[in-house]
Amino acid sequence: MIEVETLSKSFGKIQAVKNVSFRAEDGQITALLGDNGAGKTTTIRMIAGVIRPLTGSVSIDGHASHLMRRNLGILSDAKGIYERLTSRENMSYYASLMGIQKSEIESNIDYAIRILEMDDIIDRRTKGFSTGQKMKVLLGRLLSFKPKNLLLDEPTAGLDVMATRRLRAVLRNLREEGHCILFSTHVMQEVEQLCDSVTIMHNGLSLVQGSVPELYEKTGQSSMEEAFVRLVDQGGNRHA
Amino acid sequence: MLNAKFIWVNIQHEVRDFMRDRSTLRSMFSILILLPFLYSYIIAKAGSIGDEAREKDKRIGYIESVKIREMLPFLKQQGLQLVSVKAIEKKVFEDEKLDALISERRKDILDSPDQFSANIELWTASTETKQMASAHHVAKLISGYGQILSQKILILRGVSPQLMRPIDLEMKSLKVDDSSSFATYELLLSLFGMALFFSTLHLAVDTTVGERERMILESLFYTEAPRSSLAIGKWIVVSLMIVFSVWLVGTVFWALGEFSIFQKILGRSQTFSYESMALGFLIFLPLCPMIAAMQILIGSISASVKHAQTFNSIFGFMLLPLSLLSLVEEVKGLAYLPVFGQGLAFRSLLKAEEIDWRGLMVTEGTTILLTAIIIAFVLRRFNQEKIIYSL
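As given, the protein sequences belong to chains A and B, one line each in that order.
In terms of this note's numbering, the first sequence opens at residue 1 and continues consecutively.
In terms of this note's numbering, the second sequence opens at residue 1 and continues consecutively.
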């Protein structure tokens, strides 16, 4: 479970995140929905503990995030992989840096190969991989140490339809296994199809949190896009 | 906080990744092996300049006069090719391919009035090394001729020949060929300098700002491995590669002087014992982690790979000429500073002179201290938020 309490962050004079609070439960997929520049990536970086918040706190399963790194798998917008290494080596290195034992890494990688269907690319060097194949390696990297909580920053960005559908299936599968999944996106359709809970962010603020039907009810709309626009307008007016 | 296990994991990973960077490895090894060949050839050539100047047929022009005409048989006997010319002009030098030209200056009122003395002028038209060496050779011959002449005159006046040469001085040296030694020592220093500064420039940049540009570095900070352990792992790998580069360059250079097949191809006769080279390697050893730390620091504070490569090149190029400052007598105090001190000790070693061990120890101590300071800056930088931003 990921809990965020009144997080704020400024870069010089720009306040990127303002008092953001929300909660992502175990066994659920929670979306951090917002337009470009809403503060999603900065929030994810603060949850990950790579940048320090100005105010507020983050807890992972009731503990500070820097103490729970092994239980927190993060796929940020920095989606680079070592191109001279194979998929397996990329995953293995990452798991080693998580302090996982060699034997456990092997079984975790086997699990990732099965879940992500990566038999054909597992022992290939990743140079020249398609965006979808790279995404498999990145997700495999997370599964190589089986974290309880997953934090994904726009994981479907750049993926084609088939790859996106496969990724959604993987996320559903992980939800069934009881993982807490928090992912940021600006794709409304994805939120409608996949998420149990949604936090809407705009201009660094968290405007509202609720399930998709709750947001429809609250805004009187029947599509996520319309509900989002309405909430952003209301939020903008309230904070103007 | 440092964690030995994560440092080791990182070292293994960095080495594996670097070993697969075939294009960088190819260029690195080519340079490290080709450089000693190139330097050996230059050293051989630099050493032979003086010899060539002594050996080659020298064409000396002269302007006719009584004194010069008297001198000509002697100069001819010394193997000079003498060419009569009409004027002292650059064009004459070029047309007649002259190395030097001699003429007699007309006496003025302040000059000695006696009939025995003459004012000879030796002209050159170039600062080219071989021509200058030829001119100096001719100057020596003329001066020798003058001594012989004065002795003859005094003997004719009844002076005993023994009285004219109370001291007979002949310069001798136990050192290796002086004409090439300066070039050899300085070139060798510069060869090691190139290996130290430039062999791992790509690796240091690639593993820091390069990983940030390729969007990899940030993901490493999400792991259990402390950032300090990641930084130290990277620094150790770069240091080891510098150590390897210096060893490789030294060994290839030694082998080129040692084996006759290379001596024939390159014309290099001067060689050093492997013991000297090994000791030289040990003298340079503490510099390797210092240079690596500096390169990692530059890589971690630079905004882009391009910037890091520029800053690292400037750093390397600045230190190369500065390292030669240790040879200047007026700034001997620099001998205790890193780079300068090692350069001085290495030079003494090659010249078979006594090494200032106390000075060298102080230098090595300063080097280690400076390395620790730079590493502290690296760790500080790695623990800052800014390390993950591109600006």
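The beta-carbon is built from N, C-alpha and C at its ideal position, and this holds for glycine as well.
Open item on the list: Quick check for students: name the residue ranges of the beta strand (DSSP E) that lie wholly in the stretch 45-86 of chain A, counting only runs of 3 or more.
Closed with: 55-60, 72-75
Open item on the list: Checking the sheet assignment: what are the DSSP bridge partners for residue 153 of chain A?
Closed with: Taking the first residue of the first sequence as 1, we reach residue 153 of chain A at position 153. Partner(s): A:184.
- [ ] Might you give, ordered along the chain, the residues of its own chain that have their beta carbon closer than 7 angstroms to the beta carbon of residue 90 of chain A, omitting 5 neighbours on each side?
- [x] In the first sequence, counting from the first residue as 1, residue 90 of chain A sits at position 90. Result list for residue 90 of chain A: 81, 82, 126, 137, 141, in chain order.
- [ ] Check residue 219 of chain B in the structure and name its three-state DSSP category.
- [x] Along the second sequence, one-based indexing puts residue 219 of chain B at 219. Reduced to three states, the DSSP call for residue 219 of chain B is helix.
Open item on the list: Counting C-beta neighbours from all protein chains within 10 Å, is the total for residue 121 of chain B 16 or more, i.e. buried, or is it exposed?
Closed with: Working through the second sequence from its first residue, we reach residue 121 of chain B at position 121. Result: exposed.
Open item on the list: Run through the DSSP bridge pairs and tell me what residue 8 of chain A is partnered with.
Closed with: Taking the first sequence and counting its residues from 1, one reaches residue 8 of chain A at position 8. DSSP output for residue 8 of chain A lists A:55 as bridge partner(s).
TODO: In angstroms with no decimal places, state the Cα-to-Cα distance between residue 31 of chain B and residue 39 of chain B.
DONE: For the purposes of this step, residue 31 of chain B is taken as residue 31 along the second sequence, with counting starting at 1. For the purposes of this step, residue 39 of chain B is taken as residue 39 along the second sequence, with counting starting at 1. Going by the C-alpha atoms only, they are around 12 angstroms apart.
Task: Under 8 angstroms between C-beta atoms of residue 76 of chain A and residue 45 of chain A - done: To locate residue 76 of chain A, count along the first sequence from 1; it is residue 76. To locate residue 45 of chain A, count along the first sequence from 1; it is residue 45. Contact: yes.
Task: DSSP three-state assignment for residue 143 of chain B, whether helix, strand or coil - done: The residue labelled residue 143 of chain B in the question sits at position 143 within the second sequence. Correct three-state label for residue 143 of chain B: helix.
Task: Same chain only: Cβ atoms within 8 angstroms of residue 354 of chain B, ignoring 5 sequence neighbours per side - done: Looking up residue 354 of chain B in the second sequence gives position 354. Correct list, in chain order: 348.
TODO: Give the DSSP-derived three-state secondary structure of residue 210 of chain B in the structure shown.
DONE: The residue labelled residue 210 of chain B in the question sits at position 210 within the second sequence. Three-state DSSP puts residue 210 of chain B in a helix.
Task: Helix, strand or coil at residue 14 of chain A [DSSP, three-state] - done: By 1-based counting over the first sequence, the position of residue 14 of chain A is 14. If DSSP states are grouped into helix, strand and coil, residue 14 of chain A belongs with the strands.
TODO: Give me the Cβ distance between residue 96 of chain A and residue 105 of chain A, rounded to the nearest whole Å; I'm assuming they're in contact under 8 angstroms.
DONE: Mapped onto the first sequence, residue 96 of chain A falls at position 96. Mapped onto the first sequence, residue 105 of chain A falls at position 105. Taking 8 angstroms as the upper bound for CB-CB distance, residue 96 of chain A and residue 105 of chain A are in contact here, some 7 angstroms apart.
Task: Own chain residues within Cβ distance below 7 angstroms of residue 371 of chain B, not counting five before or after - done: Position 371 of the second sequence, counted from the start, is the residue given in the question as residue 371 of chain B. Only 289, 290, 293 meet the Cβ criterion.
Task: Residues of the stretch 211-230 of chain B with Cβ closer than 7 angstroms to any Cβ of chain A, in chain order - done: 214, 215, 216, 218, 219, 220, 221, 222, 223, 224, 225
Task: residue 200 of chain A and residue 231 of chain A closer than 8 angstroms at C-beta - done: Along the first sequence, read from residue 1 onward, the residue named residue 200 of chain A stands at position 200. Along the first sequence, read from residue 1 onward, the residue named residue 231 of chain A stands at position 231. Cβ distance < 8 angstroms, so residue 200 of chain A and residue 231 of chain A count as in contact.
- [ ] Determine which residues share a DSSP beta bridge with residue 101 of chain A and list them.
- [x] Residue mapping note: residue 101 of chain A aligns to position 101 of the first sequence, counting from 1. Secondary-structure assignment with DSSP links residue 101 of chain A through no beta bridge to anything.
- [ ] From the DSSP output, read off the bridge partner residues of residue 454 of chain B.
- [x] Only positions 1 to 391 of chain B appear in the structure, and residue 454 of chain B is not among them; the question remains open.
Open item on the list: So with CB distances below 8 angstroms, who are the chain A contacts of residue 198 of chain B?
Closed with: Here residue 198 of chain B is taken as the residue at index 198 of the second sequence, counted from 1. Simply none; closest approach about 22 angstroms.
Task: Simplified DSSP state of residue 209 of chain A, which is helix, strand or coil - done: By one-based count along the first sequence, residue 209 of chain A stands at place 209. Three-state result, residue 209 of chain A: strand.
- [ ] Please check if any C-beta of chain A sits within less than 8 angstroms of the C-beta of residue 9 of chain B.
- [x] Counting from 1 along the second sequence, the entry for residue 9 of chain B is found at position 9. Chain A, which has a Cβ nearer than 8 angstroms to the Cβ of residue 9 of chain B, makes this yes.
- [ ] Count the other CB atoms, across all protein chains shown, that sit within 10 Å of the CB of residue 200 of chain B; report buried if there are 16 or more and exposed otherwise.
- [x] In the second sequence, counting from the first residue as 1, residue 200 of chain B sits at position 200. Buried, since its Cβ has 16 or more Cβ neighbours within 10 Å.
- [ ] Along the alpha helix (DSSP H) that carries residue 165 of chain A, what are the first and last residues, could you check?
- [x] Along the first sequence, read from residue 1 onward, the residue named residue 165 of chain A stands at position 165. Unbroken alpha helix (DSSP H) run through residue 165 of chain A: 161-176.
Task: CB contact below 8 angstroms: residue 311 of chain B versus chain A - done: Within the second sequence, numbered from 1, the residue matching residue 311 of chain B stands at position 311. No, no contact with chain A.
Task: Neighbour list for residue 388 of chain B in chain A, Cβ cutoff strictly below 7 angstroms - done: Along the second sequence, one-based indexing puts residue 388 of chain B at 388. Residues of chain A passing the Cβ test: 50.
- [ ] Take the Cβ of residue 317 of chain B as the centre, count every other Cβ of all protein chains shown within 10 Å, and call the residue buried at 16 or more, exposed below.
- [x] For the purposes of this step, residue 317 of chain B is taken as residue 317 along the second sequence, with counting starting at 1. Answer is exposed; the Cβ neighbour count stays below 16.
- [ ] Taking residue 132 of chain A as the reference, give the member of A:87, A:100, A:67 with the closest Cα.
- [x] For the purposes of this step, residue 132 of chain A is taken as the residue at position 132 of the first sequence. The shortest Cα separation from residue 132 of chain A among A:87, A:100, A:67 belongs to A:87.
Open item on the list: With a threshold of 8 angstroms between beta-carbons, can residue 392 of chain B be considered close to chain A, or not?
Closed with: Since the first residue of chain B shown is 1 and the last is 391, residue 392 of chain B is not available in this structure.
Open item on the list: If we define contact as Cβ-Cβ less than 8 angstroms, is residue 6 of chain A a contact residue for chain B?
Closed with: Position 6 of the first sequence, counted from the start, is the residue given in the question as residue 6 of chain A. No, because no Cβ of chain B sits closer than 8 angstroms to the Cβ of residue 6 of chain A.
- [ ] Please confirm if residue 6 of chain B has its CB atom under 8 angstroms from at least one CB of chain A.
- [x] As a working mapping, residue 6 of chain B is identified with position 6 in the second sequence. Closer than 8 angstroms: yes.
Open item on the list: Please report the straight-line C-alpha distance between residue 220 of chain A and residue 84 of chain A, rounded to a whole angstrom.
Closed with: For the purposes of this step, residue 220 of chain A is identified with residue 220 of the first sequence, where counting begins at 1. For the purposes of this step, residue 84 of chain A is identified with residue 84 of the first sequence, where counting begins at 1. Cα-Cα distance, rounded: 52 angstroms.
- [ ] Report the residues of the stretch 58-91 of chain A with a CB closer than 9 angstroms to any CB of chain B, ordered along the chain.
- [x] 69, 70, 72, 73, 74, 75, 76, 77, 78, 79, 80, 81, 82, 83, 84, 85, 89
TODO: With distances taken Cα to Cα, identify the nearest neighbour of residue 244 of chain B among B:263, B:282, B:256, B:226.
DONE: Taking the first residue of the second sequence as 1, we reach residue 244 of chain B at position 244. When each option's Cα is compared against that of residue 244 of chain B, the closest is B:282.
- [ ] Measure from the alpha carbon of residue 272 of chain B to the alpha carbon of each residue in B:258, B:229, B:341, then state which is nearest.
- [x] Numbered from its first residue, the second sequence carries residue 272 of chain B at position 272. Answer by Cα proximity: B:258.
- [ ] Please report how far the alpha carbon of residue 218 of chain A lies from the alpha carbon of residue 38 of chain A, in whole angstroms.
- [x] Within the first sequence, the letter at position 218 stands for residue 218 of chain A. Within the first sequence, the letter at position 38 stands for residue 38 of chain A. Rounded to the nearest angstrom, the two C-alpha atoms are 21 angstroms apart.
Open item on the list: Buried or exposed for residue 174 of chain B, going by 16 or more other Cβ atoms inside 10 Å?
Closed with: As a working mapping, residue 174 of chain B is identified with position 174 in the second sequence. Legend: pLDDT at residue 174 of chain B = 47, less than 50; position of this residue unreliable, no value from coordinates given.
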